[in-house]
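Here is the structure we will look at.
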Amino acid sequence: MNDETPLIIEVRCNESAERGDNPALPYGPQEVIEEGILAREAGASVLHWHARDDDGTERANDTALYREVIEGVREGTDLLLHPTLGFISTQGDARGRVRHIQELNEDPKTRVDMAPVDFGAFGADVWEGGEERFLTDDQIIVNRVGYLRELLCVLQETDVFVYSVVWGAGAVRTARSFQQMELLDRSTFWCLGFTGDEVPGGPPPTLANLQTYLEAIPAGDPWTVHCRNGDALPLAAWAIMLGGHVSIGLGDYPYSRFGKPRNSDLVRMVAEMSLTLGRPVATPSEAREILQLKHAQTVQKGA
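Numbers in this note's numbering are just positions in the sequence shown, counted from 1, shifted up by 7.
Rendered as structure tokens:
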């Protein structure tokens with residue numbers, strides 16, 4: 008690890024999760040804004056979120072809801088902003104899936120810093136171990152090559168940095184094929200996906216699986232880890248020591264072993280772990296430099 012490379016901490020604040028075990032999970036725009044500001048104070052440099060109503064209903068491509076969060080977060084912080092393109096429900100229409108990004112990017116004040124693309128198929132069905140049954144049976148991301156080609160072409164038109172989400176070494180190989188086709192920029196941020204026991208369709212969060220990922224991505228490329236429906240803190244320790252970055256939040260897991268933590272509490276845990284291990288924590292401007300982001304962010308007030 009290069010000890011001089013600061014750690015990027017991305018907060019994944021809500022995803023499509025329900026409050027369930029942790030009422031601190033943010034739903035509506037004002038809650039996301041508050042969580043973003045607190046996470047920045049705790050050490051986060053990137054905010055990832057899904058647009059949702061105050062009652063938790065997801066509005067995957069609602070430009071107005073995204074704009075409200077962006078304006079509110081930039082009123083008080085310099086966080087890099089990374090909205091979703093949706094998940095399973097938005098797979099059919101590539102251009103429609105990116106429309107909110109295009110509309111936001113028409114105004115420099117609401118321009119987003121990155122957008123995610125999932126490469127490769129991924130089974131996201133939820134397993135209930137105690138009952139020995141699946142709670143869902145149709146949750147799959149397909150990601151046909153033809154669809155990915157169309158999606159990447161639209162994102163190129165939009166001139167937005169692509170955050171490459173992969174759910175196995177085969178997905179890395181697929182993404183690198185798109186780099187050879189010049190549809191995915193050589194400069195990307197690899198998000199190495201893992202899943203907890205509740206989602207058996209993805210790689211479990213083991214050091215061996217992390218090493219497999221690291222053998223697949225180009226040496227020197229920036230990468231981060233996240234764990235869907237599972238505890239990302241062990242992964243965080245490995246990522247810190249191996250030169251990667253960390254994506255964590257209540258959107259992925261409630262972290263009930265700590266009571267009812269907020270997203271900022273999780274960010275603070277990772278930041279303190281990194282400092283203890285001798286690695287500094289990145290500011291948003293340092294994260295921008297590490298990721299080689301082209302567009303400067305417009306911050307209205309604050310940090």
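C-beta: ideal position from N, C-alpha, C; glycine also.
Within a Cβ cutoff of 6 Å, which residues of the same chain sit near residue i, ignoring the five residues on either side of it in sequence?
i: threonine 219; result: Ala176
i: leucine 142; result: Val133 and Glu135
i: alanine 243; result: Val253 and Val277
i: alanine 51; result: Ile16, Val18 and Val274
i: glutamate 42; result: Cys20, Pro33 and Asn270
Can you tell me whether residue i sits near the ligand SAM, meaning its C-beta is under 6 Å from at least one heavy atom of the ligand?
i: arginine 106; result: This structure does not include the ligand SAM; it has no bound ligands of any sort.
Spatial neighbours of residue i within its chain, please: C-beta separation below 7 Å, excluding the five flanking residues on both sides.
i: glutamate 157; result: Ala101
i: arginine 193; result: Gln186
i: alanine 294; result: Ile15, Ser52, Val53 and Leu87
i: proline 261; result: Gly27, Asp28 and Asn29
i: glutamine 299; result: Ser194
i: threonine 290; result: Ser52
i: histidine 302; result: Arg118
Give me the Cβ distance between residue i and residue j, rounded to the nearest whole Å; I'm assuming they're in contact under 8 Å.
i: valine 253; j: leucine 54; result: At roughly 14 Å, the Cβ-Cβ gap does not stay under 8 Å, so valine 253 and leucine 54 are not in contact.
i: glycine 258; j: glutamate 82; result: Between glutamate 82 and glycine 258 the Cβ distance is about 22 Å, and since that is not below 8 Å, they are no contact.
i: arginine 106; j: asparagine 150; result: Not a contact, Cβ separation roughly 19 Å.
i: tryptophan 197; j: tryptophan 245; result: Incorrect: roughly 15 Å between the Cβ atoms, too far for contact.
i: tyrosine 170; j: histidine 89; result: 6 Å
Pick from the options: whose alpha carbon is nearest that of residue i?
i: threonine 195; options: Asp204, Ala215, Ile224 and Val206; result: Ile224
i: glutamate 279; options: Trp230, Asp61, Leu240 and Phe126; result: Leu240
i: arginine 19; options: Ser184, Gln163 and Pro33; result: Pro33
i: glutamine 37; options: Glu78, Asn68 and Leu87; result: Glu78
i: aspartate 319; options: Ala46, Arg180, Pro207 and Gly137; result: As displayed, the chain neither begins before 8 nor continues past 310, which places residue 319 out of reach and without an answer.
i: arginine 26; options: Ser263, Arg286 and Glu189; result: Ser263
i: glutamate 11; options: Asp85, Glu110 and Ser281; result: Ser281
i: leucine 199; options: Asp272, Pro123 and Leu191; result: Pro123
i: alanine 128; options: Ile108, Val80 and Arg180; result: Arg180
i: cysteine 160; options: Gln109, Val232, Asp120 and Gln146; result: Gln109
i: aspartate 62; options: Val39, Asp228, Ile44 and Asp120; result: Val39
i: threonine 91; options: Glu65, Arg140 and Gly237; result: Glu65
i: isoleucine 297; options: Phe265, Leu284, Gly251 and Gly285; result: Gly251
Where do the N-terminal and C-terminal ends of the beta strand (DSSP E) with residue i fall, by residue?
i: leucine 92; result: Leucine 92 -> no beta strand (DSSP E), and no H or E assigned at all.
i: isoleucine 255; result: 252-255
i: leucine 246; result: Residue 246 is actually alanine in this sequence, not leucine. Here alanine 246 belongs to no beta strand (DSSP E); instead the alpha helix (DSSP H) covers 240-249.
i: histidine 55; result: 53-56
i: phenylalanine 196; result: 196-202
i: arginine 26; result: Premise fails: arginine 26 is in no beta strand (DSSP E) and is neither H nor E.
i: glutamate 17; result: 16-19
i: valine 119; result: No beta strand (DSSP E) holds valine 119; DSSP gives it neither H nor E.
Please list the terminal residues of the continuous alpha helix (DSSP H) segment that includes residue i.
i: alanine 67; result: Segment: none, alanine 67 is in no alpha helix (DSSP H) and carries neither H nor E.
i: proline 36; result: 36-49
i: cysteine 160; result: 152-165
i: serine 171; result: Counting along the chain, serine 171 falls outside any alpha helix (DSSP H), though it belongs to the beta strand (DSSP E) covering 169-173.
i: glutamate 296; result: 291-298
i: threonine 84; result: That residue, threonine 84, is in no alpha helix (DSSP H); it is neither H nor E in DSSP.
i: arginine 59; result: Element bounds for arginine 59: n/a, residue is neither H nor E.
i: arginine 235; result: No alpha helix (DSSP H) holds arginine 235; the beta strand (DSSP E) holding it covers 230-235.
i: valine 206; result: Here valine 206 belongs to no alpha helix (DSSP H), and DSSP marks it neither H nor E.
i: phenylalanine 185; result: 176-187
i: isoleucine 335; result: The question about residue 335 has no answer here: the residues shown for the chain are numbered 8 through 310.
i: aspartate 145; result: Run containing aspartate 145: none; DSSP gives neither H nor E here.
i: alanine 215; result: 214-223
Applying the 10 Å Cβ sphere with the 16-neighbour rule, what's the burial state of residue i?
i: valine 173; result: buried
i: arginine 269; result: buried
i: aspartate 204; result: exposed
i: aspartate 125; result: buried
i: threonine 213; result: exposed
i: alanine 215; result: exposed
i: alanine 310; result: Its pLDDT being 41, under 50, alanine 310 is placed unreliably by the model, and the measurement read from it follows with that caveat. It counts as exposed.
i: glutamate 164; result: exposed
i: valine 152; result: exposed
i: alanine 49; result: buried
Within a Cβ cutoff of 8 Å, which residues of the same chain sit near residue i, ignoring the five residues on either side of it in sequence?
i: alanine 31; result: Leu257, Lys267, Pro268, Arg269 and Asn270
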